[in-house]
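FYI, in the working numbering the residues of the sequence shown are 108 to 245. From the three backbone atoms N, C-alpha and C, an ideal C-beta is built for every residue, glycine too.
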Amino acid sequence: MPWSITEIHPLLIHFPIALFSTGLLFDISSYVLEKDELETAGFYTMFMGLISSFFAIISGMIAFFEIGSISDIFHFHHGLIQLSATIFLSILFGVRIKYDVDIRFDGMKKNIYFLLHSLSVGILFYGAHLGAKAAERI
């Protein structure tokens, strides 16, 4: 096979990072500019971030089992942090679907949602940083 999972994983990881952060940017822009279209764009961008996360996490797990071990602390923590951030973002996406009207029209709930979403994206960035260190890219 010309490509192995360890070579494909670095190609896939950029999609969830870009999509989740762009989705957050769309949501904040929607709030500031009061444009519903940006909120819709944020919703679908977050959805695509979840789909791409699935492939990035699966390829990362396969790559980890091929070349890493649990004693390799950077690889192991990187994976746990990314998995945790993705699970939390999945929960936020479910909350967004279930309580859309509440979040949209209640300023306090919207601010809490933005805070949790920002925190999740920040954790995702930190996990990506650990992954770059583990791959010796930085």
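Compare the C-alpha of residue i against each of the options and name the closest.
i: Pro123; options: Leu223, Glu141, Asp213 and Ile158; result: Ile158
i: Ala163; options: Leu237, His116, Glu144 and Ser128; result: His116
i: Tyr151; options: Gly130, Ser197, Leu140 and Trp110; result: Gly130
i: Gly238; options: Trp110, Leu119 and Ser111; result: Leu119
i: Lys142; options: Arg211, Arg244, Gln189 and Gly167; result: Arg211
i: Ser128; options: Ser166, Ile245 and His224; result: His224
i: Lys240; options: Glu146, Phe183 and Arg203; result: Phe183
i: Gly214; options: Ile198, Val139, Leu187 and Ala125; result: Val139
i: Ile188; options: Arg203, Met168 and Ile204; result: Met168
i: Ser166; options: Thr113, Ile245 and Ala242; result: Thr113
Count the other CB atoms within 10 Å of the CB of residue i; is the residue buried (16 or more) or exposed (fewer)?
i: His185; result: buried
i: Gly149; result: buried
i: Ser160; result: buried
i: Ser111; result: exposed
i: Arg203; result: buried
Starting from residue i and walking both ways along the alpha helix (DSSP H), at which residues does that stretch end?
i: Ser136; result: His121 to Leu140
i: Ile158; result: Asp143 to Ile174
i: Ser227; result: Gly214 to Ala241
Compute the beta-carbon to beta-carbon distance between residue i and residue j, rounded to the nearest angstrom, for a pair I have assumed lies under 8 Å.
i: Phe195; j: Phe154; result: That pair is no contact at about 15 Å.
i: Ala192; j: Gly234; result: 6 Å
i: Asp207; j: Lys216; result: Not a contact, Cβ separation roughly 11 Å.
Taking one C-beta from the segment 220-233 and one from the segment 161-173 each time, how about it: are there three or more such pairs within less than 8 Å? no
The segment 133-142 contacting the segment 217-224, beta-carbon criterion three pairs below 8 Å: yes
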